[in-house]
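Engineer:
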Amino acid sequence: MTECTFDYRGCNVFVAGGTSGINLGIARGFARAGASVAVLSRSREKVDSAVADLQQQGGRVLGYTADVRDGERLQEVFAAAHRELGSFDVLVSGAAGNFPTAANSMSSNAFKAVMDIDLLGTFNVLRYSYAYLRKPGACVINISAPQAFVPMEMQAHVCAAKAGVDMLTRTTALEWGPVGIRVNSLVPGPIAGTEGMKRLAPPGPAGAAMIADSVPLKRQGTTEDLAQAALFIASRAAGYINGVILPVDGGWSLGGAGEIGRSLAALAGQGVR
Ligand code: HXC
Ligand code: NAP
């Protein structure tokens, strides 16, 4: 098969929540393709480590500490990145929180924590970066999850939050299309070695095998799978794709994804929180 190569030299890419896992993999993809990249997250240690990692690709890299729940701090960060880089060609919003808990034992604050990080956080990231997005031409990528449209046991908070994220994608695609900004969601499947899978997958090699078997393509995904999808969706090749919720999941959300919720519920029944 022909390798796809993308050229993002001269482009500025901001990845909110880009200091680990899938989002860092996406940031790496853009840095490798020649873009200047900025990332933000809460932990100074993670920001510094991600900046060092991304600098190995050879381009310009900026890192900021911020909590996506704090709109005022985001305004400062986006203004500072804009002063350094200029307008953003690509904005990725991927900060999220997850823990498995049954709805009937979840505290209001636990529900709110995930709603605030995933949904309000995505709103804040889009809202406060808007002034600095290239018009026309920018592409916004929200990182969703199969939970947005596949109901899962122990995931009421995440399902509600990510469904909201996808509706933000679709409403901002409507509102911002006229100024030449495209907004799409990428929906990762089960991505090996990530924090999300550490929290949700059944334990051990048997758990990993069960997850892989629940995917029609019979493997877990990689952060590189998401990086390639992000490079595509932000490219001219996808220039007429707007307001789309695109699973990058080997077909997992067609059926197998629900199994993870059933296994979480079974583990909870055995006393595992
Ligand atoms: C029940 C829990 C809990 C748990 C926290 N809470 N962990 N409830 N079970 N395991 C409750 C707390 O008791 C508290 O409620 C409320 O949630 C807020 O907790 P804090 O610790 O104060 O929140 P905060 O410091 O803001 O941390 C947010 C967090 C944390 C989500 C709880 O885990 C986090 O920062 N996560 C970021 C990394 C992450 O989750 N990555 C995975 C993303 S994967 P009370 O009532 O006690 O005050 C993903 C999708 C994967 O999103 C999809 C795979 C298919
Ligand atoms: P991860 O490594 O925990 O990544 C989350 C990132 O967001 C980190 O950089 C984290 O850094 C940052 N973050 C978390 N809360 C934040 C906050 N309040 N403010 C600012 N930054 C914050 O998780 P992951 O598993 O790779 O997941 C990444 C994305 O993919 C998420 O949107 C998730 O919902 C989605 N997803 C994952 C999977 C999977 O298989 N893992 C499947 C479907 C969807 P700090 O801790 O420093 O803040």
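Each residue of the sequence shown is one higher than the last, beginning at -6 in our numbering. C-beta: ideal position from N, C-alpha, C; glycine also.
#1: Let's see if you can read the secondary structure: which residues bound the beta strand (DSSP E) around Arg37?
#2: At a cut-off of 6 Å, would you count Gly3 as near the ligand HXC, judging by its Cβ distance to the nearest heavy atom?
#3: Tell me which same chain residues have a C-beta within less than 6 Å of the C-beta of Arg35, skipping the five on either side of it?
#4: How would you label Gly22, buried or exposed, when you count the other beta carbons within 10 angstroms and need 16 or more for buried?
#5: Does the beta carbon of Thr94 fall short of 6 Å from some heavy atom of the ligand HXC?
#6: Does the structure place the region 62 to 82 close enough to the region 107 to 121 that three or more beta carbon pairs sit under 8 Å?
#7: Below 8 Å on the Cβ atoms is my guess for Pro181 versus Gly157; work out the distance and round it to an integer in Å.
#8: Does Ser269 come out as helix, strand or coil in the three-state DSSP assignment?
#9: Quick check on the DSSP output: the beta strand (DSSP E) that includes Ser86 runs from which residue to which?
#10: Measuring straight from C-alpha to C-alpha, what distance separates Val85 and Leu17?
#11: Could you tell me how far apart the beta carbons of Asn177 and Ile134 are, in whole angstroms, since I believe they sit closer than 8 Å?
#12: Please name the residue, chosen from Ile234, Ala223, Tyr121, that lies closest to Cys(-3) on a Cα-to-Cα basis.
#13: Throw me the rounded Cβ distance for the Leu179 and Leu239 pair, which I believe falls under 8 Å.
#14: Go through the region 227 to 255 residue by residue and report every complete run of the beta strand (DSSP E) that reaches 3 residues or more, in order.
#15: Between which two residues does the alpha helix (DSSP H) harbouring Pro198 extend?
#16: Quick one: what's Tyr57 bridged to in DSSP?
Structural biologist: Looking at the atomic coordinates:
#1: What you label residue 37 is simply residue 44 of the sequence shown in a count that begins at 1. Run containing Arg37: none in the beta strand (DSSP E); it sits in the alpha helix (DSSP H), 37 to 48.
#2: Position 10 of the sequence shown holds residue 3. Every heavy atom of the ligand HXC is 6 Å or more from the Cβ of Gly3, so no.
#3: On the sequence shown, residue 35 is found 42 positions in, with the first residue counted as 1. If we look at Arg35 and ignore the five residues flanking it on each side, its Cβ neighbours are Asp60.
#4: One-based indexing of the sequence shown puts residue 22 at position 29. With 16 or more other Cβ atoms within 10 Å, it is buried.
#5: What you label residue 94 is simply residue 101 of the sequence shown in a count that begins at 1. Yes.
#6: yes
#7: The residue labelled residue 181 in the question sits at position 188 within the sequence shown. The residue labelled residue 157 in the question sits at position 164 within the sequence shown. The pair is not a contact, with the Cβ atoms about 17 Å apart (cut-off 8 Å).
#8: The requested residue 269 does not occur in the structure, where the chain is confined to residues -6 to 266.
#9: In the sequence shown, counting from the first residue as 1, residue 86 sits at position 93. Segment 83 to 86, the beta strand (DSSP E) holding Ser86.
#10: Taking the sequence shown and counting its residues from 1, the one referred to as residue 85 is at position 92. Taking the sequence shown and counting its residues from 1, the one referred to as residue 17 is at position 24. Roughly 11 Å between the two C-alpha positions.
#11: What you label residue 177 is simply residue 184 of the sequence shown in a count that begins at 1. What you label residue 134 is simply residue 141 of the sequence shown in a count that begins at 1. Indeed they touch by this definition, with Cβ atoms about 6 Å apart.
#12: In the sequence shown, counting from the first residue as 1, residue -3 sits at position 4. Of the candidates Ile234, Ala223, Tyr121, the one whose C-alpha sits nearest the C-alpha of Cys(-3) is Ala223.
#13: Position 186 of the sequence shown, counting from 1, holds the residue named residue 179. Position 246 of the sequence shown, counting from 1, holds the residue named residue 239. Between Leu239 and Leu179 the Cβ distance is about 6 Å, and since that is below 8 Å, they are a contact.
#14: 238 to 241
#15: Counting from one through the sequence shown, the residue named residue 198 turns up at place 205. Unbroken alpha helix (DSSP H) run through Pro198: 197 to 206.
#16: Taking the first residue of the sequence shown as position 1, residue 57 is located at position 64. Answer by DSSP bridge pairing, in chain order: Leu33.
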